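Q:
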Amino acid sequence: MRKTVSFVIICILASAPAFAHRDSPSPSAQNEKLVAYLKSHWKSPEDYVVSKFSDHDIVFIGEYHRIKHDVELIHSLIPRLYKAGVYNLGIEFGCYEHQDKVDRLITADKYDEEMARWLMFQQFVAWGFKEYQNIYRKAWELNKSLPKGARRFRVVNLGYKADWSALKQQMTGEDWKKVWTQGDPDEHMAQIVLKEFVDKGQKALIYSGAHHAFTHYHQPIYDFQNQKFVRFNETRMGNLVYAKIPNRVFNIYLHAPWASRVRFEDNIHPAGGVIDAVMSEFGNQRVGFDVKGSPFGDLPDTESYYSIGYPNFTLAVYCDGYIFQKRLEDYEGVTVDPAFITEANFREAIANLPNFDRRKFIKKPEDLIEGMRDDVDFKRRFRNLK
């Protein structure tokens, strides 16, 4: 995930602001080939995701974060998954230690909105967004509609509660162990995926940030200041699950900007803007399509951070499938929940805010709420991605 700086977070759940601009390429023979492929392989995003379970057990779907239509896609998939015999959704945005509460929440006679809010707060004190909370509600609505005795749909929290109160101005390796008390969060999430789904022979959709969802692709660790490639990270959640069951795992990327290889904070169009250009030929309709084994997989890229360390990087190196829902300039953020931070939980929120320097500037609950609103202002953040 992004390293710097929107208002609240520097670590696992942050996304970087967008400043760089990259023009889409002009129409070409390559684009015509891609257009022809989509015409003969067109699927809605929902149909596309469900279709991948015909020959895969675990499907990872990776997002940029805080984008409204991405979370709403997960909402719409819940009943579709159930109908297709997929009864599990694993999410990054909750603590596994509270799984008993999740199971009770989404199978209860009456939905408890305050519990959904509490579950999100426990995982991340600056994740007060209604659409993410409503993942639980959509699962509850489905379960409520099922006949007595029918199998219930599950939402399984994959993360754990980090102790951000241990954060200091200067951190050592030992200090970080006091924050990540149960070890590397990717390793933890992978262990839960294996325990709850793979070991039980069950299929599941895994919804997380794009970096956690990487399977066969290895993310570069790069020293931007010295422009030096360090190594590949081979232990993202998806990497670890893929290593166990490589033929049964599929990765889908939700259309979003890529980080520039010049400066991580600068965003560019993915795959050189070709996908955006091709989708304009279809009026930017929603679609899901294969990357691996399709002409989209051959799209090269040399400008993004993701191409670092790869002499012949193409889109197929990065992901197996792709979902496009709208132009980047039309993206909207998720809805901030004004009741997420209150006087009752304000002190706990400040103590567990991962942005240490920002803590001293936050004086009241409204300051945190306003910070979250700033984080989801994609009209501003993507203003240069035309």
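Residue numbering for the sequence shown follows numbering that gives the first Met the number 0, starting at 0 and increasing by one per position.
All C-beta atoms in this analysis are idealised placements derived from N, C-alpha and C, irrespective of residue type, glycine included.
All of these numbers come straight from a predicted model, not from anything done at the bench.
Going straight from the alpha carbon of H40 to that of F288, what length do you get?
A: Locating residue 40 in the sequence shown gives position 41, counting from the first residue. Locating residue 288 in the sequence shown gives position 289, counting from the first residue. Approximately 7 Å, taken between the alpha carbons.
Q: Spatial neighbours of P294 within its chain, please: CB distance less than 6 Å, with the 5 preceding and 5 following residues excluded, ordered by chain position.
A: Counting from 1 along the sequence shown, the entry for residue 294 is found at position 295. Here the set comprises K32, L33 and Y36.
Q: So is R21 buried or exposed if we call it buried at 16+ other beta carbons inside 10 Å?
A: Along the sequence shown, one-based indexing puts residue 21 at 22. At R21, the pLDDT of 38 sits below 50, so the modelled position is not reliable; the number obtained from the coordinates is stated separately. The residue is buried, with at least 16 neighbouring Cβ atoms inside 10 Å.
Q: Can you find at least 3 beta carbon pairs, one from the segment 64–73 and one from the segment 263–282, that sit closer than 8 Å?
A: The segment 64–73 is not in contact with the segment 263–282.
Q: For W126, which residues from the same chain have a beta carbon less than 6 Å from its beta carbon, with the 5 sequence-adjacent residues on both sides left out?
A: One-based indexing of the sequence shown puts residue 126 at position 127. The residues are M119.
Q: How about R79 and E45: are their beta carbons less than 8 Å apart?
A: Here residue 79 corresponds to residue number 80 of the sequence shown, with the count starting at 1. Here residue 45 corresponds to residue number 46 of the sequence shown, with the count starting at 1. Against a cut-off of 8 Å, the Cβ pair of E45 and R79 comes out as a contact.
Q: Terminal residues of the continuous alpha helix (DSSP H) containing Y304?
A: Start at 1 with the first residue of the sequence shown, and residue 304 comes out as number 305. Where Y304 is concerned, there is no enclosing alpha helix (DSSP H), given that its DSSP letter is neither H nor E.
Q: Using three-state DSSP, classify D336 as helix, strand or coil.
A: Here residue 336 refers to the residue found at position 337 when the sequence shown is read from its first residue. It is coil, neither helix nor strand.
Q: Mind checking whether L76 and L253 have CB atoms under 8 Å apart?
A: Walking along the sequence shown from the start, residue 76 turns up at place 77. Walking along the sequence shown from the start, residue 253 turns up at place 254. Contact: no.
Q: At a cut of 8 Å, does the segment 338–349 reach the segment 300–308 through at least three beta carbon pairs?
A: Cβ pair count under 8 Å is below three, so no.
Q: How big is the Cα-Cα spacing for T313 and I251?
A: In the sequence shown, counting from the first residue as 1, residue 313 sits at position 314. In the sequence shown, counting from the first residue as 1, residue 251 sits at position 252. Roughly 15 Å between the two C-alpha positions.
Q: Between the segment 222–235 and the segment 190–198, do three or more beta carbon pairs fall short of 8 Å?
A: They do not touch, by the three-pair rule.
Q: Taking only runs that begin and end inside the segment 114–192, name each unbroken beta strand (DSSP E) of 3 or more residues, in chain order.
A: For the segment 114–192, whole beta strand (DSSP E) runs of length 3 or above, ordered along the chain, are 153–158.
Q: Could you give the distance in angstroms between the alpha-carbon of G158 and the alpha-carbon of R260?
A: Reading the sequence shown from its first residue, position 159 is the one you call residue 158. Reading the sequence shown from its first residue, position 261 is the one you call residue 260. Each residue's alpha carbon lies about 29 Å from the other.
Q: Give me the Cα-Cα distance between F386 and R153, rounded to the nearest whole angstrom.
A: Because the chain is modelled from 0 through 385, residue 386 falls outside the range shown and cannot be assessed.
Q: Report the three-state DSSP secondary structure of D366 (helix, strand or coil).
A: By one-based count along the sequence shown, residue 366 stands at place 367. If DSSP states are grouped into helix, strand and coil, D366 belongs with the helices.
Q: In terms of residues, what are the limits of the beta strand (DSSP E) holding P219?
A: For the purposes of this step, residue 219 is taken as residue 220 along the sequence shown, with counting starting at 1. Per DSSP, P219 belongs to the beta strand (DSSP E) from Q218 to D222.
Q: DSSP beta-bridge partners for W257?
A: Within the sequence shown, numbered from 1, the residue matching residue 257 stands at position 258. I267.
Q: Give a yes or no on whether the C-beta atoms belonging to A315 and K291 are separated by under 8 Å.
A: Within the sequence shown, residue 315 is the residue found at index 316, counting from 1. Within the sequence shown, residue 291 is the residue found at index 292, counting from 1. It is a contact, given that the beta carbons lie within the stated cut-off.
Q: DSSP three-state label for A203, please.
A: If you number the sequence shown from 1, residue 203 lands on position 204. Strand.
Q: In terms of alpha-carbon separation, which member of F92, K325, H97 and H217 lies closest to P256?
A: By 1-based counting over the sequence shown, the position of residue 256 is 257. When each option's Cα is compared against that of P256, the closest is K325.
Q: Just list the beta strand (DSSP E) runs in the segment 32–70, keeping only unbroken ones of 3 residues or longer that don't cross its boundaries, in chain order.
A: Taking only runs of at least 3 residues, the beta strand (DSSP E) segments lying wholly in the segment 32–70 are 57–62.
Q: So, with DSSP's three-state summary, where would you put I73?
A: Translated into positions along the sequence shown, residue 73 becomes position 74. In the structure shown, I73 sits in a helix (DSSP, three-state: H, G or I).
Q: Would you kindly check if the distance between the Cβ of S53 and the Cβ of K42 is under 8 Å?
A: Translated into the one-based positions of the sequence shown, residue 42 becomes position 43. Translated into the one-based positions of the sequence shown, residue 53 becomes position 54. The answer is no: Cβ separation not under 8 Å.
Q: Identify which residue in Y206, G208, R230 and S207 has its Cα closest to the Cα of H217.
A: For this step, residue 217 is matched to residue 218 along the sequence shown. For the residues Y206, G208, R230 and S207, the minimum Cα distance to H217 belongs to R230.
Q: Taking a contact to mean a Cβ-Cβ separation below 8 Å, would you say N87 touches V178 in this structure?
A: As a first step, residue 87 must be located in the sequence shown, where it is residue number 88. As a first step, residue 178 must be located in the sequence shown, where it is residue number 179. Contact: no.
Q: Would you mind sorting W175 into buried or exposed? The rule is 16 or more other CB atoms within 10 Å of its CB.
A: Counting from 1 along the sequence shown, the entry for residue 175 is found at position 176. When all chains shown are included, W175 counts as exposed.
Q: Specify whether the segment 94–113 and the segment 232–243 touch according to this definition: at least 3 beta carbon pairs, one from each stretch, less than 8 Å apart.
A: No contact exists between the segment 94–113 and the segment 232–243.
Q: Look at the alpha carbon of A362 and the alpha carbon of I57, and state the distance between them as a whole number of angstroms.
A: For this step, residue 362 is matched to residue 363 along the sequence shown. For this step, residue 57 is matched to residue 58 along the sequence shown. Contrary to the premise, residue 362 reads as Lys rather than Ala in this sequence. Cα-Cα distance, rounded: 44 Å.
Q: Between which two residues does the beta strand (DSSP E) containing I322 stretch?
A: Residue mapping note: residue 322 aligns to position 323 of the sequence shown, counting from 1. G320 to F323 is the extent of the beta strand (DSSP E) around I322.
Q: If I measure Cβ to Cβ from H187 and keep anything under 8 Å in the same chain, skipping five residues before and after, which residues do I get?
A: As a working mapping, residue 187 is identified with position 188 in the sequence shown. The answer, listed in chain order, is Y95, L157, G158, Y159 and Q181.
Q: Where do the N-terminal and C-terminal ends of the alpha helix (DSSP H) with D468 fall, by residue?
A: Limits of the chain in this structure are 0 at one end and 385 at the other, which puts residue 468 out of reach.
Q: Measure the Cβ-Cβ separation of E328 and L239 and say whether it is below 8 Å.
A: Counted from its first residue, the sequence shown places residue 328 at position 329. Counted from its first residue, the sequence shown places residue 239 at position 240. Going by C-beta atoms, E328 is not nearer than 8 Å to L239.
Q: How far does the beta strand (DSSP E) with L88 in it reach, from first residue to last?
A: The count along the sequence shown starts at 1 and reaches residue 88 at position 89. Unbroken beta strand (DSSP E) run through L88: N87 to C94.
Q: V333 and K129 look like a contact to me (Cβ under 8 Å); what is the Cβ gap, rounded to whole Å?
A: By 1-based counting over the sequence shown, the position of residue 333 is 334. By 1-based counting over the sequence shown, the position of residue 129 is 130. Right, the Cβ-Cβ distance comes to about 7 Å (below 8 Å), so this counts as a contact.
Q: Can you name, in chain order, every residue of its own chain whose Cβ lies under 8 Å from the Cβ of A83, other than the five neighbours on each side?
A: Here residue 83 refers to the residue found at position 84 of the sequence shown. Here the set comprises V49 and F52.
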